[in-house]
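See structure below.
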Amino acid sequence: MWEWTAPGGWLVVQGYDMRTVAVEPPLPVVGEWRRVFLGAFIVAGRDVRLGHRLPGLFAEAGIGSPLSQHN
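Numbering (UniProt numbering), first residue to last: 1 to 71.
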């Protein structure tokens, strides 16, 4: 992705962590929504914690910390 970023530009990567979905005020239907939504992610083989894991994934890919500068 850095190859597609202009010199001095910003690369923004957004992840998600669906374990912490909540609403205010609390609604009973949210529990059912979480059960169905998270169940669908899990059945599809998706990681509901991807956002939480981004720093480690960046390091494994050799592109540094998500908050680092790239020259």
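Cβ coordinates follow ideal geometry from the N, Cα and C atoms, glycine included.
What you are looking at is a predicted structure, and each value in this text was computed from that prediction instead of being measured.
Within 8 angstroms, strictly: CB atoms of residue i and residue j
| i | j | result |
| --- | --- | --- |
| His-17 | Arg-46 | A small fix is needed here, since residue 17 is Asp in this sequence, not His. Not closer than 8 angstroms, so no. |
| Gly-64 | Phe-58 | yes |
| Gly-8 | Leu-54 | no |
| Val-43 | Arg-34 | no |
Extent of the continuous alpha helix (DSSP H) run through residue i
| i | result |
| --- | --- |
| Pro-25 | Taken as a continuous stretch (DSSP letters only), Pro-25 belongs to no alpha helix (DSSP H), as it is neither H nor E. |
| Arg-53 | 50–61 |
Cβ separation of residue i and residue j, assumed to be a contact under 8 angstroms, to the nearest whole Å
| i | j | result |
| --- | --- | --- |
| Val-30 | Val-23 | 5 angstroms |
Residue i CB to nearest heavy atom of the ligand PLP below 7 angstroms
| i | result |
| --- | --- |
| Ala-61 | With respect to small molecules bound, the structure shown includes none, and the ligand PLP cannot be examined in it. |
Below-8 angstroms beta-carbon distance, residue i vs any chain B residue
| i | result |
| --- | --- |
| Ala-44 | Considering every chain present, this structure includes no chain B. It has just one protein chain. |
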